[in-house]
Amino acid sequence: MQCNPVQEGGEKMSDFSKKYQDYTITKDGQLMLARAEKEQIETVWDRYKAQLPQCGYCELGLSCRNCVMGPCRVDPFGEGPQKGVCGADADIIVTRNFGRMIASGAASHSDHGRDLVEVLLKVSQGKAPGYEIRDPEKMKRVASEFGIDTEGKDILQIAGELAEAMQEEFGTRKESLELVSRAPEVRQQTWKKLGIMPRGIDRETSEMMHRTHMGVDNDWQSLTLHAARNALSDGWGGSMLATEVSDILFGTPKPLSSVINIGVLKEDEVNIIVHGHNPVVSEMIYQAVQDDDLVQLAKEKGAKGINLVGLCCTGNELLMRRGIPMAGNHLMTELVLVTGAVEMILVDYQCIMPSLGEIAKCFHTKMISTSDKARFPKMEHREFHPENARELARELVKEAVENFTNRNPDRVYIPVEPVKLMAGFSVEAILEALGGSPDPLIEALKAGKIRGAVGVVGCNNPKIKHDYGHVTLTRRLIENDILVLDTGCAAVANAKAGFKVPEAADIAGPGLKEVCKALGIPPVLHVGSCVDNVRILVLAGALANALNVDISDLPLAGAAPEWYSEKAASIALYVVASGIYTVIGTTPPILGSMNLVKLVTEDLEGILGATLAVEPDPEKAATLIRRHIEKKRAGLGLPTIEV
Ligand code: BF8
Ligand code: SF4
Numbered sequence: 312m313q314c315n316p317v318q319e320g321g322e323k324m325s326d327f328s329k330k331y332q333d334y335t336i337t338k339d340g341q342l343m344l345a346r347a348e349k350e351q352i353e354t355v356w357d358r359y360k361a362q363l364p365q366c367g368y369c370e371l372g373l374s375c376r377n378c379v380m381g382p383c384r385v386d387p388f389g390e391g392p393q394k395g396v397c398g399a400d401a402d403i404i405v406t407r408n409f410g411r412m413i414a415s416g417a418a419s420h421s422d423h424g425r426d427l428v429e430v431l432l433k434v435s436q437g438k439a440p441g442y443e444i445r446d447p448e449k450m451k452r453v454a455s456e457f458g459i460d461t462e463g464k465d466i467l468q469i470a471g472e473l474a475e476a477m478q479e480e481f482g483t484r485k486e487s488l489e490l491v492s493r494a495p496e497v498r499q500q501t502w503k504k505l506g507i508m509p510r511g512i513d514r515e516t517s518e519m520m521h522r523t524h525m526g527v528d529n530d531w532q533s534l535t536l537h538a539a540r541n542a543l544s545d546g547w548g549g550s551m552l553a554t555e556v557s558d559i560l561f562g563t564p565k566p567l568s569s570v571i572n573i574g575v576l577k578e579d580e581v582n583i584i585v586h587g588h589n590p591v592v593s594e595m596i597y598q599a600v601q602d603d604d605l606v607q608l609a610k611e612k613g614a615k616g617i618n619l620v621g622l623c624c625t626g627n628e629l630l631m632r633r634g635i636p637m638a639g640n641h642l643m644t645e646l647v648l649v650t651g652a653v654e655m656i657l658v659d660y661q662c663i664m665p666s667l668g669e670i671a672k673c674f675h676t677k678m679i680s681t682s683d684k685a686r687f688p689k690m691e692h693r694e695f696h697p698e699n700a701r702e703l704a705r706e707l708v709k710e711a712v713e714n715f716t717n718r719n720p721d722r723v724y725i726p727v728e729p730v731k732l733m734a735g736f737s738v739e740a741i742l743e744a745l746g747g748s749p750d751p752l753i754e755a756l757k758a759g760k761i762r763g764a765v766g767v768v769g770c771n772n773p774k775i776k777h778d779y780g781h782v783t784l785t786r787r788l789i790e791n792d793i794l795v796l797d798t799g800c801a802a803v804a805n806a807k808a809g810f811k812v813p814e815a816a817d818i819a820g821p822g823l824k825e826v827c828k829a830l831g832i833p834p835v836l837h838v839g840s841c842v843d844n845v846r847i848l849v850l851a852g853a854l855a856n857a858l859n860v861d862i863s864d865l866p867l868a869g870a871a872p873e874w875y876s877e878k879a880a881s882i883a884l885y886v887v888a889s890g891i892y893t894v895i896g897t898t899p900p901i902l903g904s905m906n907l908v909k910l911v912t913e914d915l916e917g918i919l920g921a922t923l924a925v926e927p928d929p930e931k932a933a934t935l936i937r938r939h940i941e942k943k944r945a946g947l948g949l950p951t952i953e954v
């Protein structure tokens with residue numbers, strides 16, 4: 312990749328950027344893409360185009376390289392081979408690939424959860440300076456769910472016992488995971504009957520890898536059921552532990568305000584970006600940027616202060632708890648660097664494009680990787696552990712501050728003003744906003760003021776116009792009195808669109824508007840990062856229990872309009888397996904097996920009470936979801952409308 316420092320003058324960037332209207336609906340994205348082109352910086356969109364046409368066999372899920380008798384592929388037109396060398400047909404090959412996709416997604420969330428549990432254990436042993444138990448009450452509540460007697464015990468002792476009990480969840484000896492008890496009893500019975508009760512977090516992923524080895528599970532239906540169990544081990548296991556321990560260590564989110572988009576970068580301050588997923592690193596950076604001596608140093612270097620901003624889910628974690636501004640979501644991660652205003656970007660893991668190091672090299676930006684399990688080209692590696700995190704965070708912030716003098720002011724380009732948002736809607740915060748119980752929400756649902764609720768979640772993907780899927784779907788839902796809860800990159804998109812301020816209630820339907828105005832909340836609630844999708848599960852479980860029904864009876868839905876990652880696939884499947892109808896925008900690589908397609912889009916209804924639908928057009932997805940919600944309302948005997 313070339314770098315071509317841009318000189319001022321020439322065509323006005325705002326005119327020039329119009330050509331990028333098909334790439335992204337966001338103004339900052341369009342302007343930064345134009346800037347990247349002028350600087351001859353390659354982006355994810357360029358690389359996507361270079362890949363076209365993408366492999367048709369792989370798109371359909373019909374290629375297999377699970378062993379070296381292959382690689383094999385099955386001809387979708389029925390003319391070429393219909394079986395791999397081992398004899399696996401299209402159904403087996405497609406489902407094995409799908410299963411491995413789920414395994415990787417579940418493993419990613421769950422390994423993130425494990426890292427947090429390890430920090431909790433180290434805190435209990437006094438070996439993690441800088442970390443503490445910030446929500447001891449929540450810790451006690453969770454500990455009692457694990458059967459730990461907290462009476463008269465010291466906080467650190469409880470932390471140690473809880474961390475050890477949580478570590479057991481990853482193993483192989485249990486009949487079922489502890490936190491599945493948060494699901495309604497009838498849902499748990501369904502899982503038991505189907506033989507998909509998740510047992511150990513690592514066990515289900517490991518078993519999936521085993522089953523998909525050549526010559527193990529060659530029944531595509533049985534494989535699909537195990538995929539559901541594997542996904543449940545993520546939703547009610549790994550991700551749930553990640554969220555609960557993050558709340559215990561860093562505080563349970565409460566509503567707060569902040570700002571978002573590329574305009575959160577500051578021309579006159581040291582800009583530090585945290586990117587990735589695990590708050591273990593970013594929380595320490597947050598602490599370090601508060602240190603007076605480092606702020607003083609920034610001033611000595613000619614900056615007005617230190618500006619810490621987030622990208623992707625680790626940004627969401629800090630936004631939810633500390634209100635730090637967000638620079639953008641997945642497809643903005645390269646473009647943020649093109650501002651030329653970033654002194655340092657620190658990454659942990661997941662969704663970090665390997666291209667970032669190269670782009671940073673076009674500027675003065677320092678790129679630091681921090682996790683022993685996630686290294687990147689052209690990045691400096693500085694490994695974080697609970698023991699050294701506080702000190703290392705200070706060192707790195709100091710280096711970022713010192714790097715401010717290397718910034719070339721002539722290349723700084725921050726072309727937009729940030730947008731306001733409200734975040735911090737943990738289940739605890741939502742219940743508090745409702746006055747302490749889910750009853751007002753249930754009343755609003757019964758009266759039809761709120762017709763239902765939808766989790767809009769997931770990624771960006773260059774196959775879909777950036778943020779268009781999230782924003783279009785969300786707008787249609789709230790206009791029709793459907794409350795939206797969002798996470799991850801979807802949450803960033805909706806915030807940038809202005810849906811997350813209380814005044815956004817004005818674009819909601821009359822019923823939702825009335826409820827939001829009465830409570831002073833936006834119609835789109837920021838629930839957190841991708842692991843925080845479990846907050847939606849917990850809330851759904853609580854609502855179902857309050858009404859004495861199954862989750863699948865509730866007027867709820869999930870949507871991932873622009874998903875790209877294996878983690879998102881795992882989320883979609885655990886949401887469906889928990890009884891929530893889910894519409895995804897990008898087509899998963901399963902069309903090579905119409906049997907599997909029929910199973911997940913139709914037959915799962917009779918098995919799990921929910922299905923997966925694929926609908927790339929968010930307008931049509933909104934209609935599908937609205938119809939589904941009215942159907943569920945009818946089932947509960949609530950008033951319905953024609954959609
Ligand atoms: O965990 S939404 S692109 S950043 S995978 Fe990744 Fe997708 Fe964004 Fe967060 Ni989630
Ligand atoms: Fe081919 Fe079967 Fe090996 Fe897959 S497992 S590569 S289909 S021989």
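Those letters in the sequence shown? Residues 312 to 954, by this note's numbering.
Ideal Cβ placement from N, Cα and C applies to all residues, glycine included.
According to DSSP, is I789 part of a helix, a strand, or is it coil? For this step, residue 789 is matched to residue 478 along the sequence shown. Residue state, collapsed to three classes: helix.
Assign S544 to one of three DSSP states: helix, strand, or coil. The residue given as residue 544 occupies position 233 in the sequence shown. Note: S544 maps to helix in three-state DSSP.
Look at the Cβ atom of T676, then the Cβ atom of E654, and state whether they are nearer than 8 angstroms. For this step, residue 676 is matched to residue 365 along the sequence shown. For this step, residue 654 is matched to residue 343 along the sequence shown. Yes, these two residues count as a Cβ contact at 8 angstroms.
Can you tell me whether H524 is helix, strand or coil according to DSSP? Counting from 1 along the sequence shown, the entry for residue 524 is found at position 213. Three-state result, H524: coil.
So does A879 have its beta carbon nearer than 7 angstroms to some heavy atom of ligand 1? Reading the sequence shown from its first residue, position 568 is the one you call residue 879. The answer is yes for A879.
Tell me the rounded alpha-carbon separation between G668 and P697. One-based indexing of the sequence shown puts residue 668 at position 357. One-based indexing of the sequence shown puts residue 697 at position 386. Distance between the alpha carbons of G668 and P697: 25 angstroms.
Determine the closest residue to H524 out of V712, P636, A399 and R762, with distance taken between C-alpha atoms. Taking the first residue of the sequence shown as position 1, residue 524 is located at position 213. Here the closest residue by C-alpha is A399.
Grab the span of the alpha helix (DSSP H) containing S325 for me, first residue to last. Sequence index remark: in the sequence shown, residue 325 carries index 14 (1-based). Note, S325: alpha helix (DSSP H), M324 to F327.
Who are the Cβ neighbours of I725 in its own chain at under 7 angstroms, not counting the five residues just before and after it? Taking the sequence shown and counting its residues from 1, one reaches residue 725 at position 414. I573, G574, L576, E578, T650 and A652, listed in sequence order.
Alpha helix (DSSP H) containing N805: first to last residue? On the sequence shown, position 494 is the one that residue 805 refers to. Element bounds for N805: G799 to K807.
Can you give the beta carbon distance from D817 to G766, rounded, assuming they're within the 8 angstroms contact cut? Here residue 817 is taken as the residue at index 506 of the sequence shown, counted from 1. Here residue 766 is taken as the residue at index 455 of the sequence shown, counted from 1. With a Cβ gap of about 23 angstroms, D817 and G766 do not count as contacting.
Inter-residue Cα distance where the pair is M380 and V812: In the sequence shown, the residue the question calls residue 380 occupies position 69. In the sequence shown, the residue the question calls residue 812 occupies position 501. Distance between the alpha carbons of M380 and V812 is about 57 angstroms.
Beta-carbon contacts of G320 that lie in its chain and below 6 angstroms, excluding the five residues immediately before and after: Taking the first residue of the sequence shown as position 1, residue 320 is located at position 9. In this prediction, G320 scores a pLDDT of 47, lower than 50, which makes its location untrustworthy; the coordinate-derived value is nonetheless stated afterwards. Result list for G320: empty, nothing under 6 angstroms.
Ligand 2 heavy atoms versus the CB of I891: any closer than 7 angstroms? The sequence position of residue 891 within the sequence shown is 580, counting from 1. Flag unset: Cβ of I891 not near ligand 2.
State the Cα-Cα distance for the pair R938 and V430, rounded to the nearest angstrom. Walking along the sequence shown from the start, residue 938 turns up at place 627. Walking along the sequence shown from the start, residue 430 turns up at place 119. Between R938 and V430, the C-alpha separation is close to 45 angstroms.
Below 8 angstroms on the Cβ atoms is my guess for Q491 versus M508; work out the distance and round it to an integer in Å. The count along the sequence shown starts at 1 and reaches residue 491 at position 180. The count along the sequence shown starts at 1 and reaches residue 508 at position 197. Checking the sequence shown, residue 491 turns out to be Val, not Gln. Between M508 and V491 the Cβ distance is about 7 angstroms, and since that is below 8 angstroms, they are a contact.
Any non-hydrogen atom of ligand 2 within 7 angstroms of N377 CB: Within the sequence shown, numbered from 1, the residue matching residue 377 stands at position 66. Yes, since a heavy atom of ligand 2 falls inside the 7 angstroms radius drawn around the Cβ of N377.
Could you check what DSSP says for I559 in three-state terms: helix, strand or coil? Along the sequence shown, read from residue 1 onward, the residue named residue 559 stands at position 248. Residue state, collapsed to three classes: helix.
Got a sec: does ligand 2 put a non-hydrogen atom nearer than 7 angstroms to the Cβ of C383? Residue mapping note: residue 383 aligns to position 72 of the sequence shown, counting from 1. Checking every heavy atom of ligand 2 against the Cβ of C383, one is found closer than 7 angstroms.
Hey, out of Q532, D545, L608 and D659, whose CA is closest to I957's CA? Because the chain here runs from 312 to 954, residue 957 falls outside it and cannot be looked at.
With the cut-off set at 8 angstroms, would you say G799 and P872 are in Cβ contact? On the sequence shown, residue 799 is found 488 positions in, with the first residue counted as 1. On the sequence shown, residue 872 is found 561 positions in, with the first residue counted as 1. No, they are not a contact pair.
For a test of your reading of the model: does the CB of S840 fall under 7 angstroms from any non-hydrogen atom of ligand 1? Yes or no. For the purposes of this step, residue 840 is taken as residue 529 along the sequence shown, with counting starting at 1. Answer for S840: yes, Cβ within range of ligand 1.
Can G634 and N627 be called in contact, C-beta distance under 8 angstroms? Position 323 of the sequence shown, counting from 1, holds the residue named residue 634. Position 316 of the sequence shown, counting from 1, holds the residue named residue 627. Not in contact: G634 and N627 (Cβ atoms no closer than 8 angstroms).
Any contact between the stretch 328-344 and the stretch 719-736? By contact I mean 3 or more CB pairs, one from each, below 8 angstroms. yes
Just how far apart, CA to CA, sit T516 and S487? By 1-based counting over the sequence shown, the position of residue 516 is 205. By 1-based counting over the sequence shown, the position of residue 487 is 176. Going from the Cα of T516 to the Cα of S487 covers about 15 angstroms.
Sequence-distant residues of its chain with Cβ nearer than 8 angstroms to Q468 (five each side left out): Numbered from 1 along the sequence shown, position 157 holds the residue referred to as residue 468. Same-chain partners within the cutoff: S435.
Return the bridge partner residues of I584 from the DSSP annotation. Translated into positions along the sequence shown, residue 584 becomes position 273. Looking at the DSSP assignment, I584 forms a beta bridge with V620 and I656.
Between G903 and ligand 2, is the CB less than 7 angstroms from at least one heavy atom? For the purposes of this step, residue 903 is taken as the residue at position 592 of the sequence shown. No, since every heavy atom of ligand 2 falls outside the 7 angstroms radius drawn around the Cβ of G903.
What are the uninterrupted segments assigned as beta strand (DSSP E) that are 3 or more residues long and contained completely in the stretch 625-688, given in chain order? 637-639, 655-658 and 677-680
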